[in-house]
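Note that full-length UniProt numbering gives residue 58 to position 58 of the sequence shown, counting from 1, and the numbers run on in steps of one.
The C-beta atom is built at its ideal place from N, Cα and C for all residues, glycine as well.
Since the structure is predicted, the reported quantities are computational estimates derived from the model, not experimental observations.
Below is one structure, written out as structure tokens; comments come after it.
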Amino acid sequence: MPSLFASYLRVYEPLTAFDRDRQLFWRRYAREGRALGPVEGPVRQRTAVLEALGAGWTRLPDLPDEAYVMEWGDTLLVCPWNLRLRVAEAALNARDGVPSVLADAFVPPVLAGQAKAVVEDWRSGAKVLEHGVPRVHEQIATWGVPLRWFVFVDLDEREINLTGGKRTLRYRTEISKARRRAHRGVSVLRKSLGDAPITEAVEEGTRWLEEFHPRSIVELDYGGLTGLLKNDALHDDDSPGLVAAGLSALSRGDADAATEAYEKLVARWRAVQLLERCN
Numbered sequence: 001m002p003s004l005f006a007s008y009l010r011v012y013e014p015l016t017a018f019d020r021d022r023q024l025f026w027r028r029y030a031r032e033g034r035a036l037g038p039v040e041g042p043v044r045q046r047t048a049v050l051e052a053l054g055a056g057w058t059r060l061p062d063l064p065d066e067a068y069v070m071e072w073g074d075t076l077l078v079c080p081w082n083l084r085l086r087v088a089e090a091a092l093n094a095r096d097g098v099p100s101v102l103a104d105a106f107v108p109p110v111l112a113g114q115a116k117a118v119v120e121d122w123r124s125g126a127k128v129l130e131h132g133v134p135r136v137h138e139q140i141a142t143w144g145v146p147l148r149w150f151v152f153v154d155l156d157e158r159e160i161n162l163t164g165g166k167r168t169l170r171y172r173t174e175i176s177k178a179r180r181r182a183h184r185g186v187s188v189l190r191k192s193l194g195d196a197p198i199t200e201a202v203e204e205g206t207r208w209l210e211e212f213h214p215r216s217i218v219e220l221d222y223g224g225l226t227g228l229l230k231n232d233a234l235h236d237d238d239s240p241g242l243v244a245a246g247l248s249a250l251s252r253g254d255a256d257a258a259t260e261a262y263e264k265l266v267a268r269w270r271a272v273q274l275l276e277r278c279n
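Below you can see the structure in the form of structure tokens.
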């Protein structure tokens with residue numbers, strides 16, 4: 001299960017994106033005030049997954065449906081947690097780098113097969129669109145923010161709160177805007193860099209965004225990373241602006257300006273990633 005020093009990319013969908021039973025469930029869920037906010041939610045997610053990991057491993061456990069809830073104008077939107085997927089991923093991760101005898105003792109092959117099937121179903125865009133397999137509404141990255149995520153948001157969409165005990169920094173945007181930025185970014189990267197890893201990464205994120213309802217909201221949340229950065233660093237952070245500047249420079253053929261923006265961005269987030277190794 002990931003560290004709480006993590007960032008999150010979430011999609012909140014309107015209730016009309018779900019079938020009738022799910023609509024009724026989520027409406028009741030929100031009305032009863034059961035949802036936690038993005039500050040407290042990761043702790044509950046982590047606790048739920050860790051408890052499931054110690055459940056005897058006879059099968060993937062059934063976990064309660066939970067979600068983040070947001071009101072955008074007059075619309076109620078939800079971002080389901082997909083805890084069953086999180087447990088399946090944790091089961092597979094528990095086998096990584098472990099001798100097969102120990103791996104089979106901790107996560108039996110039959111259970112590993114179930115977990116693999118769950119992960120493949122959830123991550124298959126074709127199955128999502130053709131067979132109604134629930135979508136993965138939240139992506140998680142530890143000890144940093146993947147640079148490709150900044151393509152989807154604009155610096156003007158930042159929401160920041162550095163007072164009190166709950167320091168937050170996040171970006172929220174309509175998914176239509178995120179998709180336009182994503183497609184534009186892919187076009188510039190493909191023309192300038194070809195099949196580079198960053199091009200493929202942004203393309204993958206673009207395909208993910210296409211899975212959701214057109215009235216969804218995209219949220220990039222710095223999450224627990226705010227605990228690693230001082231107020232000045234958070235207030236002055238202009239990562240989406242650097243990405244936009246880099247793409248603009250690439251589009252007009254200014255390689256030097258693009259390189260300068262990229263190097264600033266990489267240096268900033270490398271410093272955060274190195275904190276993982278601090279004792």
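Assigned exposure category for residue i - 16 Cβ within 10 Å defines buried
| i | result |
| --- | --- |
| His137 | buried |
| Val274 | A small correction: the amino acid at residue 274 is Leu; Val does not occupy that position in the sequence shown. Result: exposed. |
| Ala271 | exposed |
| Pro80 | buried |
| Arg28 | exposed |
| Ala255 | exposed |
| Glu159 | exposed |
| Gly41 | buried |
| Glu51 | exposed |
| Gly132 | Low confidence applies to Gly132: its pLDDT is 49, below 50, so where it sits in the model is not reliable enough to give any reading. |
| Val266 | exposed |
| Arg86 | buried |
| Glu32 | exposed |
| Gly164 | exposed |
| Gly73 | exposed |
| Leu193 | exposed |
| Arg34 | exposed |
| Ala249 | buried |
| Leu147 | buried |
| Ala233 | exposed |
| Leu129 | For Leu129, the predicted model reports a pLDDT of 48, less than 50, meaning its position is unreliable and no value from the coordinates is stated. |
| Arg181 | buried |
| Glu89 | buried |
| Arg277 | exposed |
| Gly113 | exposed |
7 Å CB neighbourhood of residue i in its chain, flanking five on each side removed
| i | result |
| --- | --- |
| Arg190 | Thr199 |
| Ala48 | Leu63 and Leu83 |
| Asp221 | Ser7, Tyr8, Arg10, Pro38 and Arg170 |
| Lys116 | Leu92 |
| Gly253 | none |
| Ala30 | Val69 and Leu76 |
Same chain only: Cβ atoms within 8 Å of residue i, ignoring 5 sequence neighbours per side
| i | result |
| --- | --- |
| Pro14 | Thr75, Leu76, Leu77, His213, Arg215 and Ser216 |
| Leu228 | Phe5, Val272 and Leu275 |
| Arg44 | Leu36 and Glu66 |
| Ala178 | Phe152, Val153, Leu209 and Val218 |
| Lys264 | Leu242 |
| Val119 | Leu85, Ala88, Glu89 and Leu92 |
Cut-off 6 Å between Cβ atoms - residues of its own chain near residue i, not counting five sequence neighbours on either side
| i | result |
| --- | --- |
| Gly223 | Ala6, Ser7 and Tyr8 |
| Arg167 | Thr226 |
| Arg268 | none |
| Thr173 | Val153, Glu157 and Val218 |
Bridge partner(s) assigned by DSSP for residue i
| i | result |
| --- | --- |
| Arg159 | Looking at the sequence shown, residue 159 is not Arg but Glu. In the DSSP output, where bridge partners are listed per residue, Glu159 has Arg170. |
| residue 334 | Residue 334 lies beyond the residue range present for the chain, which begins at 1 and ends at 279; the question has no answer from this structure. |
| Glu276 | BP columns for Glu276 are empty, so no partner. |
| Glu71 | Leu76 |
CB contact check: residue i to chain C, cutoff 9 Å
| i | result |
| --- | --- |
| Arg207 | Reference to chain C is not applicable here, since this structure consists of a single protein chain. |
Check whether the region 195-209 touches the region 242-255, taking contact to mean three or more Cβ pairs, one atom from each stretch, closer than 8 Å. no
Unbroken alpha helix (DSSP H) runs of length 4 or more, entirely within the region 161-226: which are they? 175-193 and 197-209
For the region 227-240 against the region 142-158, do three or more pairs of beta-carbon atoms, one drawn from each stretch, fall closer than 8 Å, so that the two count as touching? yes
If you pair each beta-carbon of the region 11-29 with each one of the region 182-191, do three or more pairs fall below 8 Å? no
Using 8 Å as the cut-off, can you tell me whether the region 140-150 makes contact with the region 6-17, which would need three or more C-beta pairs spanning the two stretches below that distance? yes
Kindly confirm or deny that the region 252-263 and the region 203-219 touch, where touching means at least three C-beta pairs closer than 8 Å. no
Runs of alpha helix (DSSP H) wholly within the region 6-43 (minimum 4 residues, chain order): 20-31
Entirely enclosed alpha helix (DSSP H) segments - the region 237-273, minimum 4 residues: 239-251
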